[in-house]
């Protein structure tokens with residue numbers, strides 16, 4: 002089984018976010034970038050398939066040279082090879098079209114990704130990718146088993162879980178539950194050293210054009226000062242007349 006894992010290069014969730022150029026550009030100064038957490042869950046699942054079923058695992062990212070340390074971390078975790086599509090990602094559909102070419106050329110059986118990226122939260126790319134390559138698709142996956150070409154999946158739905166059966170080839174968008182946080186892998190020294198020798202292929206994009214553009218960003222309004230109250234009557238008064246919550 003050939004597995005492709007889509008990796009997004011996103012700011013660490015503890016990073017302080019700022020914008021430049023009149024709030025039209027994300028300020029990367031001093032920001033630590035990591036593997037998108039949802040993608041990391043799916044990557045860990047791919048590693049299970051590699052170890053238990055002999056699958057090969059390739060990771061792919063659409064982005065500039067600055068994303069290569071993130072790909073190297075994925076290689077250190079255990080992926081066999083990496084592909085970087087040398088295109089600046091500005092639009093979900095554009096990214097899906099670039100990934101579609103990689104999928105078609107690589108002959109992959111299973112494409113794993115996170116249900117969304119932790120930066121823009123678009124939840125678009127996996128579904129659009131599946132449509133472009135005509136693969137079966139399941140989103141919000143929290144459990145997955147593969148036997149031959151048959152796939153059994155659990156996906157999160159409102160108020161519960163749904164069990165789904167399908168067949169390869171597939172695109173699966175995972176989240177916490179496809180593996181648990183305790184199962185995520187921290188690269189060790191041996192993995193880091195081996196990652197330096199693993200192939201990281203850079204390919205040029207296919208010329209996909211963005212269909213949308215970001216006009217500006219706006220940070221949430223800063224929270225006000227905390228007010229302490231001594232009794233329930235004062236609390237009710239504040240909630241009713243100031244917060245308008247009741």
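Residue numbers (this note's numbering): 2 to 247. Ideal Cβ placement from N, Cα and C applies to all residues, glycine included.
Under a 10 Å Cβ-count criterion, residue 210 is classified as exposed, with fewer than 16 other Cβ atoms of the shown protein chains found around its own Cβ.
The C-beta distance from residue 59 to residue 81 rounds to 6 angstroms, short enough to meet the 8 angstroms contact threshold. In the three-state reduction of the DSSP assignment, residue 34 falls in the strand class.
Nearest neighbour of residue 91 by Cα position, chosen from 21, 129, 45 and 212, turns out to be 212. The residues 153, in chain order, have a CB closer than 6 angstroms to that of residue 166 in the same chain once the five nearest residues on each side in sequence are set aside. Contiguous beta strand (DSSP E) elements confined to the stretch 74–129 occur at 82–87 and 111–115, taking only those with 3 or more residues. Of the residues assessed, residue 229 falls on the exposed side of the cut-off, its CB having fewer than 16 other CB atoms within 10 angstroms. DSSP, read as helix, strand or coil, puts residue 237 in helix. For residue 47, the secondary structure class from DSSP, reduced to helix, strand or coil, is helix. Under the three-state reduction of DSSP, residue 134 is assigned to helix. Taking all protein chains in view, the Cβ of residue 241 is surrounded by fewer than 16 other Cβ atoms within 10 Å, so the residue is classified as exposed. Taking a contact as a CB-CB distance under 8 angstroms, the pair residue 179 and residue 144 counts as one, their CB atoms being some 7 angstroms apart.
Within 10 angstroms of the beta-carbon of residue 67 lie fewer than 16 other beta-carbons, which makes it exposed. When beta bridges are read from the DSSP output, residue 151 appears opposite 148 and 168. Nearest to residue 214 by C-alpha distance, out of 105, 135, 95 and 227, is 95. In this structure residue 170 is buried. Its beta-carbon is surrounded by 16 or more other beta-carbon atoms within 10 angstroms. Its chain contains no residue whose beta carbon lies nearer than 6 angstroms to that of residue 18 once the 5 sequence neighbours on both sides are disregarded.
Under the DSSP assignment, residue 4 falls in the beta strand (DSSP E) whose first and last residues are 3–7. In chain order, 167 and 171 place their CB closer than 6 angstroms to the CB of residue 137, counting only its own chain and leaving out the 5 sequence neighbours on each side.
Looking at the backbone, the Cα of residue 141 and that of residue 234 are separated by about 44 angstroms. With respect to the 8 angstroms criterion, residue 36 and residue 111 are not classified as neighbours on the basis of their beta carbons.
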